[in-house]
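Engineer:
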Amino acid sequence: MSDNHNTKSKDGKKNKKNKLVSRLVNHGWSWSDHTSLNRPNSEEFGTNYDPNTMTADERHMSLPNLDQLTDDDINVQFESMLDDMNLTEEKKNPLRTQRIETKRTMLSSHYKQKFASNRSRFVSPNDYVKYIQETADITSDKLYRCIESLRIELTNKPVSWVKQFGQNQGLQCLLSVLNNCYQCHGSRQANKVQHECIKCLKALMNNTAGINQVFDHKEALSILARSLDPMQITVMSEVAELLAALCLVNKDAINGHDKVLEAMTICAENNHFEHRFSPIIEGMKNESNVSLRLACMQLINALITNNEDFDFRLHLRNEFFREGFYDLWDDTLLPLIQRHNDNDTEELVNNKSSVSKTPNEKLVDMILVFNNAKDEDFEELTQRYENIRFELDDNDDCFALIKNSVKGTPADQHLLSIFQHLLLIRDDLYSRQLFRILFRTLNHQYDYIFDWTMLKQKAAQSAAQSGGASSNQNVNQTGPTGTR
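Going by UniProt numbering, the sequence shown opens with residue 1, and the numbers climb by one from there.
1. Can you check whether the CB of residue 361 is closer than 7 Å to the CB of residue 295?
2. Could you give the first and the last residue of the continuous alpha helix (DSSP H) run that contains residue 315?
3. How far does the alpha helix (DSSP H) with residue 420 in it reach, from first residue to last?
4. Let me know the secondary structure DSSP gives residue 250 once reduced to three states.
5. Among 214, 83, 88, 79, which residue has its Cα nearest to the Cα of residue 98?
6. Quick check on the burial criterion: 16 or more other C-beta atoms within 10 angstroms. Buried or exposed for residue 28?
7. Just the Cα atoms here: how many angstroms apart are residue 202 and residue 285?
8. Measure the CB-CB distance between residue 259 and residue 221 and report whether it falls below 7 Å.
9. Shortest alpha-carbon distance to residue 161 belongs to which of 178, 184, 144, 127?
10. Tell whether a beta-carbon distance below 7 Å holds between residue 197 and residue 178.
11. Taking residue 307 and residue 340 to be in contact with their CB atoms under 8 Å, please state how far apart those CB atoms are, rounded to whole angstroms.
12. Could you round the C-beta distance between residue 313 and residue 394 to whole angstroms and report it? I think they count as a contact, below 8 Å.
13. Count the other CB atoms within 10 Å of the CB of residue 398; is the residue buried (16 or more) or exposed (fewer)?
14. Report back the beta-carbon spacing between residue 165 and residue 154 to the nearest angstrom; my notes put them in contact at under 8 Å.
15. Near residue 271, which residues of its chain fall below 8 Å by C-beta distance, leaving aside the five closest residues on each side in sequence?
16. Report the partner residues of residue 255 according to the DSSP bridge assignment.
17. As an exercise, report each continuous alpha helix (DSSP H) stretch of at least 4 residues that is fully enclosed by the region 78-162, in chain order.
18. Buried or exposed: which applies to residue 408, given that a residue is buried once 16 or more other Cβ atoms fall within 10 Å of its Cβ?
19. By how many angstroms is the C-alpha of residue 275 removed from the C-alpha of residue 328?
20. Along the alpha helix (DSSP H) that carries residue 195, what are the first and last residues, could you check?
21. State the DSSP-derived secondary structure class of residue 358, mapped to helix, strand or coil.
22. Between the alpha carbons of residue 217 and residue 310, how many angstroms are there, rounded?
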């Protein structure tokens, strides 16, 4: 194969992947789905203050006299205001063309709003942090209302306010509350606080500074991943969408995909899950809640398709299949696509904008993204083996391919030796459990604590049933730290 052909092949694969990721984003989610909400009316968390009621002394002390500024000064402050509002260039450009009088009016309104917020009991982000830290009772209604108010502030305040919140231990404060919520599992009030904390984190990450703060924190994403709980459908849906969006972050030496995957692995290890993707699979099994299945499907696609490494994509997809996705794929997901095709709705669905699509239609889109990526990776795999057609899910086909690939090479005898040793495994529980650990290790599913604890328990059971202590003695002499 020529170098020119290789270049075209790589470019083609890259274009296909970009197309898949683009479709994933366009039909999935946006983490700027926040709506502007009014501040709750309570004496603790704000006042219904009208900025037009300022006294002359207050106005003189707090607001700049815009009438005395030159047009150039107005433009400089106006640009600073646009940055503070976290607007994109596309939204800034029409505002920049406004008349200078309009800019003065907008600046005046902006300063009045900032002054009004300073008259609340909660003047700065540090006030929120201090109040939350001092409120130890996670089930307190005051704590819930405070975090609810904080979420609204993080959503509507300028970027400078959000940055200041993060710089004053705001992120750590939210994560601590979230950890406390996990300790009160089953409490309705704690669940409400947990949901508001997730919304606060989502609002915090709605700008570059907030995203950087989360990625720089060692435990933020693993703590967030603990909220992937199928028993809390609304919370899990929100977290799955957020993690899927973070997977797409790849700039300034930040690889969101790797960070999210690492967080899910750590979360599974800390909670002794047998499989790190178990919560996602359980969420996909909930056929009564389309929104949850859609969020889980978005996360699955983000984890698999948003990776340049072909071998790693195959590994992740196979890991999902091994953990239960294979049965779901055959039993519910493929038939879902077929039903839409049978109803002649596929063309209609593809032509509709993501905004006007129903959750069911969006779910079909996500399934199609998964299926298309799987088919393209399979095509690349067959090209690696000179277009030999085989079933990747068939044991005989995979064995025949491996056997033929090493035939006539030094590896041929080693492969034969491996199979011979597998045939000689003793028919006792302890020995077979050791090989189970070996296979899980080869599949990158090995869990140090879970596997060896389970092995010791089963060996002890086997020893008790046989009336001897030989198996138990073997376990004590062999293990992760043993050198038998």
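Just so you know, even glycine gets a beta-carbon here, dropped at the ideal spot from N, CA and C.
Structural biologist: Taking the structure as given:
1. No, Cβ-Cβ distance for residue 295 and residue 361 is not below 7 Å.
2. Boundaries of the alpha helix (DSSP H) around residue 315: 310-320.
3. Segment 411-423, the alpha helix (DSSP H) holding residue 420.
4. Strand, per DSSP.
5. Of the listed residues, the one whose Cα sits closest to residue 98 is 79.
6. Because the pLDDT of residue 28 is 43, which lies under 50, any placement of that residue in the model is unreliable, and the number read from its coordinates should be weighed accordingly. With 16 or more other CB atoms across the displayed protein chains lying within 10 angstroms of its CB, residue 28 is buried.
7. In a straight line, the C-alpha of residue 202 is about 26 Å away from that of residue 285.
8. The answer is yes: Cβ separation under 7 Å.
9. Between residue 161 and the set 178, 184, 144, 127, the nearest pair of CA atoms involves 127.
10. Yes, the pair counts as a contact, with Cβ atoms nearer than the cut-off.
11. With 8 Å as the limit, residue 307 and residue 340 do not qualify as a contact, their Cβ atoms being about 28 Å apart.
12. Not confirmed; about 20 Å, so no contact.
13. Residue 398 is exposed by the Cβ-count criterion.
14. Indeed, because the Cβ distance is near 7 Å, the residues count as touching under 8 Å.
15. Once the five neighbours on either side are set aside, the close Cβ partners of residue 271 are 226.
16. Beta-bridge pairing by DSSP links residue 255 to 250.
17. Listed in chain order, the complete alpha helix (DSSP H) runs (minimum 4 residues) inside the region 78-162 are 89-96, 100-118, 125-134, 141-156.
18. Around the Cβ of residue 408, a 10 Å sphere holds fewer than 16 other Cβ atoms; the residue is exposed.
19. Cα-Cα distance, rounded: 16 Å.
20. 188-204 is the span of the alpha helix (DSSP H), which, as asked, contains residue 195.
21. Residue 358 falls in the coil class under three-state DSSP.
22. Straight across, the Cα-Cα distance linking residue 217 with residue 310 is about 29 Å.
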